[in-house]
Ligand code: FES
Ligand SMILES: [Fe+2]
Ligand SMILES: [Zn+2]
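Chains as they are written, first to last, in our numbering: chain P, 3 to 352; chain V, 3 to 58.
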C-alpha cells in the first residue's frame, strides 16, 4: 500500500515554469504534461499517448495551436485531452482521450489534484498569500530530493535540527534548547509547532538580511497543512521587542518560509521552497543572499535525507526509532498523513 | 486536541479537557487518540508548565 495520500492537491510547479511549451513533471507517480494555453490557462493531461504510450513530453512531439501532436504516430489531442485526429483514418475512436487533471494556479504555485477529479474542490487548497503580495518580496526554488516525502515532513516539523545540520546558517544553540508547543486542529487537519526564543543569537541568515547585530527575539511558528503545504512564520526582532497588544508589529522583521512537499514517487520528492520577507523589499543584494542561503540550507537537508532514505529503504518495515519531545510535531503529522493515505486506499506498486 | 510540551515532560490536553503528562510522545499520542477511553476531567496539576506562548 502506498503512503502517499490521494484525493489531495499537490504543488506541481511554479507558474513561471509553465509557458506555451510542453512541460512534464511526475507527481505522486503520475507523469503529467502541462502547458499554458493561448488563453493563459495552465492545462494538465496524462503524459502518455493512448495509442502506444509514447511520452508526449518527448521529442519529436510538438505543440501546435494548443494541440499536442504525438511524436510517434501523430495522434493529436486538444487541451481538454480529447483526441481530435488519428493518422490514416477519419474516424477517431470515442475512447481516445488523455485523462485530465484539475488545476488551480494560486500564490505563484500550480496545484494539481491527484485522485478522483469529481472530488476536487479548489477552495480547499491552503493559501500562502505572501508569495505574491505586493508588500512582500519572495525568492524561491525547487530541489529534487531522492527521499520519500515523509522524511522531509519529519525534517521540517522538527527545527531543532537547525542547530546541528544548519549551524552557521540558520541554526544557533537556542533553537535546539527552547521547548516547543505543539497543537493539532483535528477538524482542519493542521499541525502547529511553535518555538519562541526570547533571547537568542542572531544567525547569519537573519543578521545579514535584517541588519540586526545584537541578540534577538526569534519566533518560529510552524503551520503544516498536510500533505503538501508547510509554512514557517518567522518573526525576528531586537530582544524584548514584542507586537503591540492590537497585533501591529512594525518594529519586527517577518519572514514567511514556505515549503511545498510534493511526492514524485514513493521514494523521491519535489522540495519546493520560498522565502518571503516584509523588509528591504527592493534590495537585490538581500534577495540574492536569502536565495543563496536558503538554497544552501535546503541542500544540506537534501544531502542528509538522501542518505537517510537509503538507510530506511534498506531496513524497511522492521526499522526502529526512538522519539523524544522534539518529535511531537512530526509524530502528529505522521498520524494525519497515515489517516489521509488510508482514507481511500489506492494500490500502487512501488 | 492540543498539547503542550514544556520541560522534559509533555503535557497532553484533550479537547474534552482531560490532561495527562508523559515522557514519551508516542505514548502521549496513543492516549490522546484513544479519547474518550481513559480520559477523566482534568484535576488541577501541581506540576508547573513553563508558560507556553499561543500559536498565532
Ligand atoms: S504512440 Fe502516440 S501516436 Fe502512436
Ligand atoms: Fe533543515
Ligand atoms: Zn478526551
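The C-beta atom is built at its ideal place from N, Cα and C for all residues, glycine as well.
Here the structure is a predicted model, which is why all the values come from computation and not from measurement.
Integer Cβ distance of residue i from residue j, believed to fall under 8 Å
{"i": "residue 65 of chain P", "j": "residue 49 of chain P", "result": "Not quite, the Cβ-Cβ distance comes to about 13 Å (not below 8 Å), so this is no contact."}
{"i": "residue 20 of chain P", "j": "residue 112 of chain P", "result": "6 Å"}
{"i": "residue 193 of chain P", "j": "residue 171 of chain P", "result": "The pair is not a contact, with the Cβ atoms about 25 Å apart (cut-off 8 Å)."}
{"i": "residue 5 of chain P", "j": "residue 191 of chain P", "result": "Not a contact, Cβ separation roughly 16 Å."}
{"i": "residue 232 of chain P", "j": "residue 158 of chain P", "result": "5 Å"}
{"i": "residue 175 of chain P", "j": "residue 183 of chain P", "result": "So it is not a contact: roughly 20 Å between Cβ atoms."}
{"i": "residue 140 of chain P", "j": "residue 133 of chain P", "result": "5 Å"}
{"i": "residue 154 of chain P", "j": "residue 263 of chain P", "result": "5 Å"}
{"i": "residue 86 of chain P", "j": "residue 12 of chain P", "result": "So it is not a contact: roughly 29 Å between Cβ atoms."}
{"i": "residue 267 of chain P", "j": "residue 31 of chain P", "result": "5 Å"}
{"i": "residue 22 of chain V", "j": "residue 33 of chain V", "result": "6 Å"}
{"i": "residue 146 of chain P", "j": "residue 270 of chain P", "result": "7 Å"}
{"i": "residue 306 of chain P", "j": "residue 167 of chain P", "result": "6 Å"}
{"i": "residue 123 of chain P", "j": "residue 102 of chain P", "result": "Not a contact, Cβ separation roughly 16 Å."}
Three-way DSSP call (helix, strand, coil) for residue i in this model
{"i": "residue 39 of chain V", "result": "coil"}
{"i": "residue 231 of chain P", "result": "strand"}
{"i": "residue 210 of chain P", "result": "helix"}
{"i": "residue 114 of chain P", "result": "strand"}
{"i": "residue 59 of chain P", "result": "coil"}
{"i": "residue 41 of chain P", "result": "coil"}
{"i": "residue 46 of chain P", "result": "strand"}
{"i": "residue 223 of chain P", "result": "strand"}
{"i": "residue 84 of chain P", "result": "strand"}
{"i": "residue 354 of chain P", "result": "Because chain P is modelled from 3 through 352, residue 354 of chain P falls outside the range shown and cannot be assessed."}
{"i": "residue 96 of chain P", "result": "coil"}
{"i": "residue 262 of chain P", "result": "strand"}
{"i": "residue 27 of chain P", "result": "strand"}
{"i": "residue 130 of chain P", "result": "coil"}
{"i": "residue 4 of chain P", "result": "coil"}
{"i": "residue 64 of chain P", "result": "strand"}
{"i": "residue 279 of chain P", "result": "strand"}
Beta carbon proximity, residue i to chain V, threshold 9 Å
{"i": "residue 248 of chain P", "result": "no"}
{"i": "residue 158 of chain P", "result": "no"}
{"i": "residue 343 of chain P", "result": "no"}
{"i": "residue 334 of chain P", "result": "yes"}
{"i": "residue 329 of chain P", "result": "yes"}
{"i": "residue 179 of chain P", "result": "no"}
{"i": "residue 325 of chain P", "result": "yes"}
{"i": "residue 337 of chain P", "result": "yes"}
{"i": "residue 32 of chain P", "result": "no"}
{"i": "residue 188 of chain P", "result": "yes"}
{"i": "residue 214 of chain P", "result": "no"}
{"i": "residue 175 of chain P", "result": "no"}
{"i": "residue 346 of chain P", "result": "Since pLDDT at residue 346 of chain P reaches only 47, below the 50 mark, its modelled position is unreliable, and the value read off the structure follows with that caveat. No, because no Cβ of chain V sits closer than 9 Å to the Cβ of residue 346 of chain P."}
CB contact below 9 Å: residue i versus chain P
{"i": "residue 10 of chain V", "result": "yes"}
{"i": "residue 41 of chain V", "result": "no"}
{"i": "residue 27 of chain V", "result": "yes"}
{"i": "residue 33 of chain V", "result": "no"}
{"i": "residue 21 of chain V", "result": "no"}
{"i": "residue 54 of chain V", "result": "Here residue 54 of chain V scores only 40 on pLDDT, less than 50, and its place in the model is too uncertain to base an answer on."}
{"i": "residue 58 of chain V", "result": "With a pLDDT of only 33 at residue 58 of chain V, under 50, the local geometry of the prediction cannot be trusted, and no value is derived from it."}
{"i": "residue 49 of chain V", "result": "Note that residue 49 of chain V scores a pLDDT of 48, beneath 50, so its modelled location is shaky and nothing firm can be said."}
Bridge-paired residues (DSSP) for residue i
{"i": "residue 146 of chain P", "result": "P:272"}
{"i": "residue 252 of chain P", "result": "Residue 252 of chain P pairs with nothing; no bridge assigned."}
{"i": "residue 24 of chain V", "result": "V:12"}
{"i": "residue 218 of chain P", "result": "P:202 and P:240"}
{"i": "residue 33 of chain P", "result": "P:28"}
{"i": "residue 78 of chain P", "result": "P:71 and P:87"}
{"i": "residue 30 of chain V", "result": "Its beta-bridge partners do not exist; DSSP assigns none."}
{"i": "residue 107 of chain P", "result": "P:112"}
{"i": "residue 15 of chain P", "result": "P:112"}
{"i": "residue 140 of chain P", "result": "P:278"}
{"i": "residue 102 of chain P", "result": "P:47"}
{"i": "residue 257 of chain P", "result": "P:236 and P:279"}
{"i": "residue 267 of chain P", "result": "P:270"}
Below-9 Å beta-carbon distance, residue i vs any chain A residue
{"i": "residue 157 of chain P", "result": "Protein chains P and V are contained in the structure displayed, whereas chain A is not."}
Practice task
Pick out the complete alpha helix (DSSP H) segments inside the segment 282-349 of chain P, 4 residues or longer, and give them in chain order.
Solution key: 286-317 and 330-345
Exercise for the section: Pick out the complete alpha helix (DSSP H) segments inside the segment 150-204 of chain P, 4 residues or longer, and give them in chain order. Expected result: 151-159, 164-167 and 175-179
Handout entry: Pocket of ligand 4 defined by Cβ to heavy atom distance under 7 Å
Key = For the structure depicted, ligand 4 is absent and the ligand set comprises only ligand 1, ligand 2 and ligand 3.
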